Structures are given as structure tokens and as C-alpha cells.
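In my numbering, the protein residues as written are 604 to 829.
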């Protein structure tokens with residue numbers, strides 16, 4: 604027993620301690636690395652997204668460290684893990700790097716969208732009147748539109764990235780895409796009035812057709828916008 608501990612137990616203990624230390628360092632390094640990657644002026648807006656990406660990095664790193672520690676422990680019991688390491692290593696090189704690139708590019712696309720969308724919206728949004736009230740109304744409307752469009756594009760990016768990751772994992776996404784297409788058509792027909800009202804609302808906000816407090820007459824109905 605003592606001889607086994609000297610020859611194997613010490614290495615297992617070292618592997619466990621090293622894994623815990625590296626995981627602790629990863630938990631401290633990941634948030635700081637994200638703060639360096641994300642520009643200062645965007646950190647407040649992207650705080651939630653930044654936190655999610657940070658924990659994804661920590662989770663992936665933790666899983667890899669756990670697998671490394673498990674490999675050391677199993678090898679000390681005399682099990683040949685070389686074939687398994689070759690399979691895992693080959694998969695990581697073939698698909699793991701691509702998945703990581705997909706996640707990073709998706710996150711980068713969302714950051715760019717959050718940064719650029721307000722400026723694009725400000726060019727298309729018009730406002731009637733002058734003075735501080737008109738400027739405040741322009742800012743408020745621009746923020747609302749940019750928030751709606753940013754979240755819509757963000758959902759689209761997430762869905763596309765999700766299907767790309769499933770494809771890299773080895774799942775056949777053709778039935779999923781077909782099902783999503785059929786579901787999209789069904790939802791489109793069922794919610795066409797809602798979608799039409801949503802697009803009409805965006806048009807009203809962009810063109811500043813009327814604001815809160817204006818008197819509006821539609822057919823024989825007259826009322827005040829609230």
C-alpha cells in the first residue's frame with residue numbers, strides 16, 4: 604500500500620492539486636481577460652453578455668482540466684489511455700477549434716452590433732420640432748429602436764451559431780432546419796397581424812408620424828396618443 608502511494612498516489616495528488624490551482628487561476632484570469640478584450644465604453648452595455656461568455660470559458664477550461672486530471676489518475680492505475688487521447692485530440696483539432704471560433708465570432712458580431720446599431724438608427728430616425736424636448740425625444744426613440752433591433756439580431760446570431768455548433772458536433776441539422784422552416788411558416792401565418800403591427804410601430808417611430816399627446820383621427824375615431 605505504501606509503495607503504491609509512493610509510486611502512484613503522489614502523482615495523483617499532484618495532478619489533483621495542479622488541476623485545482625489552474626482552475627482557480629482560470630477563474631481569476633477569465634474576467635480580467637474579458638475586460639481587456641471589450642472596450643471600456645462598451646463594458647457597461649455588455650456586462651450581462653460578458654459575464655455569460657466568461658463563465659462559458661471557465662466551464663470549458665474546467666472540463667478540460669478535469670479530463671486531464673482523470674487521464675493522469677487512470678494512467679497511474681495502468682490503463683493505456685493513448686488511444687483515447689488520440690481520439691479526443693483529433694476531435695478537438697478537427698472540431699473543437701472550429702466551435703471555439705464560431706463562439707468567438709458570434710460574440711464579436713454581437714459586440715459590433717451593439718456598438719454600431721445606435722449610430723445607424725440615429726441616421727434614419729427623424730423628429731419634428733426643435734429644442735431640448737425634440738432632442739430628448741430623438742434620443743429616447745433611437746435607444747428604443749436600437750435595443751429592439753439589437754436584440755433581434757442577437758437572437759438571430761445565437762440561433763445560427765447554435766446550428767453551426769450542432770453541425771460541428773456531428774448532428775444532422777437538416778431535419779431541424781426543415782422543422783424550423785415549417786414552424787416559422789406556421790408562426791408567420793398565425794402571428795401575421797402581430798408582425799404587421801410591430802413593423803408599423805417601427806415605421807411610426809422612425810418617421811415620427813405622431814408622439815405622445817398628439818391628437819389622432821383614424822376614420823371616425825379621434826383620440827389622444829398616450
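Every residue, glycine too, gets a C-beta built ideally from N, C-alpha and C.
Please read all numbers here as calculations on a predicted model, not as lab measurements.
Handout entry: Cα-Cα separation, residue 658 to residue 755
Key = For the purposes of this step, residue 658 is identified with residue 55 of the chain shown, where counting begins at 1. For the purposes of this step, residue 755 is identified with residue 152 of the chain shown, where counting begins at 1. So the two alpha carbons sit approximately 23 Å from each other.
Handout entry: For residue 717, the residue or residues it bridges with in DSSP
Key = Locating residue 717 in the chain shown gives position 114, counting from the first residue. Per DSSP, none; premise fails for residue 717.
Problem - Between the CA atoms of residue 727 and residue 663 - distance to the nearest angstrom - result: In the chain shown, residue 663 corresponds to position 60, counting from 1. In the chain shown, residue 727 corresponds to position 124, counting from 1. One C-alpha to the other measures close to 42 Å.
Problem - 6 Å Cβ shell around residue 724 - same chain, five flanking residues per side excluded - result: Start at 1 with the first residue of the chain shown, and residue 724 comes out as number 121. So the qualifying residues of the chain are 745, 748, 749.
Problem - Rounded separation between residue 668 and residue 699 - CA only - result: For the purposes of this step, residue 668 is identified with residue 65 of the chain shown, where counting begins at 1. For the purposes of this step, residue 699 is identified with residue 96 of the chain shown, where counting begins at 1. Approximately 15 Å, taken between the alpha carbons.
Problem - Sequence-distant residues of its chain with Cβ nearer than 6 Å to residue 618 (five each side left out) - result: Here the question's residue 618 lines up with position 15 in the chain shown. The residues are 672, 675.
Exercise for the section: Starting from residue 776, follow the beta strand (DSSP E) in both directions and report where the run begins and ends. Expected result: Stepping through the chain shown from its first residue, residue 776 is reached at position 173. That residue, residue 776, is in no beta strand (DSSP E); it is neither H nor E in DSSP.
Problem - residue 768 vs residue 714 beta-carbon contact at 7 Å - result: Locating residue 768 in the chain shown gives position 165, where the first residue counts as 1. Locating residue 714 in the chain shown gives position 111, where the first residue counts as 1. Not closer than 7 Å, so no.
Problem - Per-residue burial, residue 656 [other beta carbons within 10 Å of its own, 16 or more giving buried] - result: Taking the first residue of the chain shown as position 1, residue 656 is located at position 53. The residue is buried, with at least 16 neighbouring Cβ atoms inside 10 Å.
Practice task
Flag this pair as yes or no: are the beta carbons of residue 716 and residue 753 separated by less than 7 Å?
Solution key: As a first step, residue 716 is located in the chain shown; it is residue number 113 there, counting from the start. As a first step, residue 753 is located in the chain shown; it is residue number 150 there, counting from the start. Residue 753 sits close to residue 716, with the two beta carbons spaced by under 7 Å.
Handout entry: Cβ neighbour criterion (16 or more within 10 Å) applied to residue 660
Key = On the chain shown, residue 660 is found 57 positions in, with the first residue counted as 1. With 16 or more Cβ atoms within 10 Å of its Cβ, residue 660 is classed as buried.
Exercise for the section: Could you tell me which of 629, 761, 616 sits nearest to residue 846, measuring between CA atoms? Expected result: Residue 846 cannot be examined here, being either before or after the span of the chain that is shown, 604 to 829.
Handout entry: Sheet register partners of residue 821 (DSSP bridge)
Key = Residue mapping note: residue 821 aligns to position 218 of the chain shown, counting from 1. For residue 821, DSSP records a beta bridge to 824.
Exercise for the section: Would you please state the rounded distance, in angstroms, between the beta carbons of residue 764 and residue 705? I believe it to be under 8 Å. Expected result: Translated into positions along the chain shown, residue 764 becomes position 161. Translated into positions along the chain shown, residue 705 becomes position 102. That pair is a contact at about 5 Å.
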